[in-house]
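For reference, the structure is listed below as structure tokens.
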Amino acid sequence: MRIFYTDVLVVGGGLAGLRAAVGARRRGHDVTILSLVPPKRSHSAAAQGGMQASLANTTKGAGDNEDVHFEDTVRGSDWGCDQVVARMFAHTAPKAVRELAAWGVPWNRVTAGTREVVMDGKHVTLEEPALAHGLITARDFGGTKKWRTCYVSDGTGHAMLYAVSDRAIAEGIPVHERKEAIALIHDGGRCHGAIVRDLVSGDLTAYLARATCIATGGFGRLYRSTTNAVINEGMGAAIALETGAATLANMEAVQFHPTAIFPAGILVTEGCRGDGGVLRDAAGHRFMPDYEPEKKELASRDVVSRRMEQHLRAGHGATSPFGQHLWLDITLLGTAHIDGKLREVKEICRNFLGIDPARDWIAVRPAQHYSMGGIRTDATGAARGLVGLYACGEAACWDLHGFNRLGGNSVAETVVAGMIVGEHIADLCESSDGDLTFSTALAAEFLSREEARLGALLHGGGAESPVALMTRMQTLMTDNVGIFRRGDLLQDAVTELRALSVRARNLHVGTQRRGANPELVTAYRLQRMLKLSLCVTEGALARTESRGAHFREDYPRRDDATWLQRTLATWPDPEQATPTLAYEPLDVMSMELPPGWRGYGARDAIEHPDTERRAREVAALREARPAADRHALQAALLPFLHLLPPRLRGPNARAGGDA
Amino acid sequence: MSAPTPRRLTIHILRSAPGDDATPHFEAFRIDESEGMTLFIALNEIRANLDPSLQFDFVCRAGICGSCGMLINGRPGLACSTLTHDLGTEFTLAPLPVFAVIGDLSVDTGRWMRAMSERLETWIHATTDADLDAVEPRMEPALAEAIYEADRCIECGCCIAACGTAQMRPDFVGAVGLNKIARFRLDPRDEREDADHYALVGNDDGVFGCMTLLGCHDVCPKGLSLRSQIAYLRRGMAAQGLR
Ligand SMILES: Cc1cc2nc3c(=O)[nH]c(=O)nc-3n(C[C@H](O)[C@H](O)[C@H](O)COP(=O)(O)OP(=O)(O)OC[C@H]3O[C@@H](n4cnc5c(N)ncnc54)[C@H](O)[C@@H]3O)c2cc1C
């Protein structure tokens, strides 16, 4: 039996996993990272537009601070997020950007003096103060009151991932590449590591660890039309689900990005619109102001994507051999801006559409983009249901994003959560709960179970094609569980997903090779992806309201009275056909920002009975302490600093002082 | 509107599976071209319909992550952003040379790049940790942009595959390594001096091993100006060597 011991096992070499690993390593623990691919190939590299942090260095960021970032995030989430987590996040994001700067990220900087920008379709002159020259600059993104998105041209994720990955190398953290965690080792109460398959040799090894952290990214590949990388298949969430003990949350909260190029589904960043680009229809008409007079193209993603699909349904789409689409027009930004700040966009347009975006409009249509849901954790990143299991990044439902994440808040979440969770993991390792207590018998049991599962796939003599079933699942998810959802279509999807799951027990794997075997990989991932698809679809069917990215045509209103709840999905019995759903209420009486209108989108929410009472309470608290500084006031409303590691608790300095 | 008859493509792929006995050999696959077809789409179609055992690597499929470097008609390039339309009806695909072959078109760039990073210490060397609560140190906007220019490398391995020296000298750091040193030399946050850089690349496995054939510059999918980065570094290192 192959066994590998490490203090901390981090599953995933993207931004979240790498940053958590560095944190635990710096506290003196032995850390091992697993990754399907070399870590710098992780999907974090594809983030283009930027990372939100309230540095307030630019003219359009003046007055920004943690409070404004917090409120934007909560509104963006359609009140679905955990406000304590949103507070921890908004507070730590400036530190994360500054740490990354020290680690080498070449953030774009403020140039003092005047400059031309495009806002709301018009050229405007902005003046940046001399005081800010050389500090980190920011661009506009959807759903934000201030220009807060720090960036490195449109290669932000690449620059961040390389800096953090090189930092992990500097710390001597080994990354076991081309390895896949295919099961968690646990005893029902505690996680002891993972069974890991070598994607080259096919060998299975039991990795035993005091703490295991899942940072495997999102699950966009449940959908046919997605901006996600081909490796974003949600395996981390799936193996957590298969423990029967760990819990997934809000799996139905799936984000669709407005501007995926059509038909390839490759993303062009929200920075295109943040920097002044506009959306047009077949007639060349700029239609977003008709629907969203306040924020126009820069309403939150859920709102813009929905408006685009609505406009397509109304017959205003441009026609191509592949179907209907709309246009993104960034020609007004000019060649110099595109060559400097949107160069990946330019390359993508050239390579995949054969056009020059400085001259031509870009064919776009919304596509699946981000998984708000994932492994449910508490504010420290500890997974619900299993001691010793942690999760961070897109794989987790830490619950920063609720039902819609703001652009720029995800790469920010990965590093912020990594900074926080890495320390909590180290705390666990240093406590008595962190002792090495596992038995090799348990490891052997899990190893032989996984060997048997793979053996059954290779030699089971089934008849179904894994590729065909996978394709069908992806098409079904895109067609029935997309931007607009409806009870009957969701019910159809559940029925068919269950049928596909039954057929997926009878797979035919032609390639008998034990080692590198893409067909076998598709087969075992398919079975798990079907479980995730069922979590998404059952969750969407049960949630009879519309919130954030989850939109039900048959229940178009946000219903705080009934649905201010987080969906929890578990799979306690491997033989059960669908997940067990349960709900966790969000407590209005402890919210710093009680539910209200987001400032864009629909205004017709059904109110929660506590909302008005809490709103009065908050107002009274603010009035009673007119002299209190904003930090003291905030602490009275929603304390959060105690949940942060001590080294992250300090106030953030800003060049212009505290706003 | 009747669709024109699609082109029939014949793709010769160099197959191998280390460990198996069969010697590497070309195998031909025939598929119909579709509109806007990239090698990403073509290879997936072959795997889905003709040979489920075919090995290759893609991640982002958008020209950003660098996973899919391969020899396309003998020339290193990214498969995901190559349109079949730009190739003839018959062409060859082979794995990148220099790197260990995992199988078929899949090679192990990861181990090579990590070893290079460890040797050249491709990270910021600073004696003190940053104060995360304080306003960040300033940097000239143009300098930040110049650093990013070199930082755009995606470690795809195309420059190594196109390099005469790398084929002969297993320890040559190649354009990817030299470009990294150039990047950190530019960066004032890295406290290393030219004497430190010289210790890393002031030899034949470093900047003096380059025969200035500059195949690297021509094939870089990101269009990095490797020629000028290497020339500039070489001048700096030569000056350092004379000290
Ligand atoms: C095209 C695109 C553009 C984006 N742009 C932005 C942006 O501008 N701003 C922003 O804030 N956000 C953006 N996002 C979102 C953001 O990039 C991601 O949410 C974030 O990078 C996810 O990071 P992560 O570390 O959680 O996961 P990833 O970077 O996806 O890393 C996952 C890691 O887990 C590994 N892994 C997975 N499964 C296993 C397994 N079973 N065993 C072992 N290893 C495994 C993988 O190898 C990988 O290393 C964008 C997303 C996309 C798709």
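Order-wise, the sequence lines are chains U and V.
For the first sequence, the positions run 1423 to 2081 when my numbering is used.
For the second sequence, the positions run 721 to 963 when my numbering is used.
We put the CB at the ideal spot given by N, CA and C, even for glycine.
Note that the structure is predicted; figures quoted are calculated from it, not measured.
At a cut-off of 8 Å between beta carbons, His-1972 (chain U) makes no contact with chain V. By the Cβ neighbour-count rule, Glu-911 (chain V) is exposed, with fewer than 16 other Cβ atoms within 10 Å of its own. Excluding five sequence positions before and after Gly-894 (chain V), the CB atoms of its chain that fall closer than 8 Å to its own CB belong to Met-836, Cys-879, Ile-880, Cys-883, Thr-885, Ala-886, Cys-936, given in chain order. When the Cα atoms are used, His-1747 (chain U) and Gly-1656 (chain U) turn out to be separated by approximately 28 Å. The shortest CA-to-CA distance from Leu-1670 (chain U) to any of U:Ala-1581, U:Ala-2004, U:Gly-1762 is the one to U:Ala-2004. Contact check for Gly-1795 (chain U) against Asn-1672 (chain U) passes: the beta carbons are separated by less than 8 Å. Within the DSSP secondary-structure output, Phe-1906 (chain U) pairs in no beta bridge. Asp-907, Arg-909: these are the residues of the segment 886-914 of chain V whose beta carbon lies less than 7 Å from some beta carbon of chain U, given in chain order. The beta carbon of Pro-1788 (chain U) sits closer than 7 Å to those of Phe-1678, His-1679, Pro-1680, Ala-1682, Ser-1727, Met-1730, Glu-1731, Ile-1905, all from its chain and outside the five residues before and after it, given in chain order. When CB distances to chain V are screened at a threshold of 9 Å, the residues of the segment 1556-1585 of chain U falling below it are Gly-1556, Leu-1557, Ile-1558, Thr-1559, Val-1574, Ser-1575, Gly-1577, Gly-1579, His-1580, Ala-1581, Tyr-1584, Ala-1585, in chain order. Short of 8 Å from the beta carbon of Phe-1973 (chain U), and not among the five residues preceding or following it, lie these beta carbons of its own chain, in chain order: Asp-1724, Arg-1728, Ile-1905, Phe-1906, Arg-1907. Look at the segment 1488-1525 of chain U and you find these whole runs of alpha helix (DSSP H), each 4 residues long or longer: 1488-1498, 1505-1524. Within the model, the alpha-carbon separation for Ala-1585 (chain U) versus Leu-1522 (chain U) is close to 7 Å. Residue nearest to Ala-1442 (chain U) within the set U:Asp-1778, U:Tyr-1812, U:Pro-1715, U:Met-1473 is U:Tyr-1812 (criterion: CA-CA distance). Ala-1834 (chain U) has its Cβ nearer than 7 Å to a heavy atom of ligand 1. Within the segment 1564-1636 of chain U, the runs of alpha helix (DSSP H) at least 4 residues long that lie entirely inside it are, in chain order, 1578-1592. At least 8 Å separates the CB of Asp-1857 (chain U) from every CB of chain V. Not one heavy atom of ligand 1 lies closer than 7 Å to the C-beta of Lys-900 (chain V). Distances from the CA of Arg-1920 (chain U) to each of U:Leu-1954, U:Tyr-1946, U:Val-1809 were compared; the closest alpha carbon is that of U:Leu-1954. Contact check for Gly-1564 (chain U) against Ala-1817 (chain U) fails: the beta carbons are separated by 8 Å or more. The three-state reading of DSSP puts His-1733 (chain U) in helix, counting H, G and I together. Comparing C-alpha distances from Ile-1604 (chain U) to each of U:Arg-1643, U:Trp-1569, U:Ala-2042, U:Ile-1661 shows the shortest one belongs to U:Ile-1661. Between Ala-1991 (chain U) and Glu-2034 (chain U), the alpha-carbon positions lie close to 31 Å from each other. Ala-1637 (chain U) has its CB nearer than 7 Å to a heavy atom of ligand 1.
Taking each of V:Ile-901, V:Ile-822, V:Leu-774, V:Ile-844 in turn and checking the Cα distance to Val-1527 (chain U), the smallest one comes out for V:Ile-844. For ligand 1, no non-hydrogen atom lies closer than 7 Å to the CB of Val-1786 (chain U). Under DSSP, Phe-1426 (chain U) takes part in a beta bridge, and its partners are U:Tyr-1629. Residues of the same chain with a CB within less than 6 Å of the CB of His-1738 (chain U), apart from the 5 flanking positions on each side, are Asp-1703, Ala-1704 in chain order. Residues Val-1700 of the same chain have their beta carbon placed closer than 6 Å to that of Gly-1543 (chain U), with the five preceding and five following residues left out of the count. Closest by C-alpha distance to Pro-1888 (chain U), out of U:Val-1652, U:Ala-1926, U:Gly-1435, U:Gly-1642, is U:Ala-1926. For Ser-754 (chain V), the distance from the CB to the nearest heavy atom of ligand 1 is not below 7 Å.
For Ile-766 (chain V), the enclosing alpha helix (DSSP H) begins and ends at 759-769. Out of U:Asp-1910, U:Asp-1981, U:Leu-1750, the CA that lies nearest to the CA of Gly-1502 (chain U) is found in U:Asp-1981.
When beta bridges are read from the DSSP output, Lys-1544 (chain U) appears opposite U:Met-1541. Annotation: the continuous beta strand (DSSP E) that includes Gly-797 (chain V) extends over 795-798. When the beta-carbon positions are compared, Arg-1520 (chain U) and Leu-852 (chain V) come within less than 8 Å of each other.
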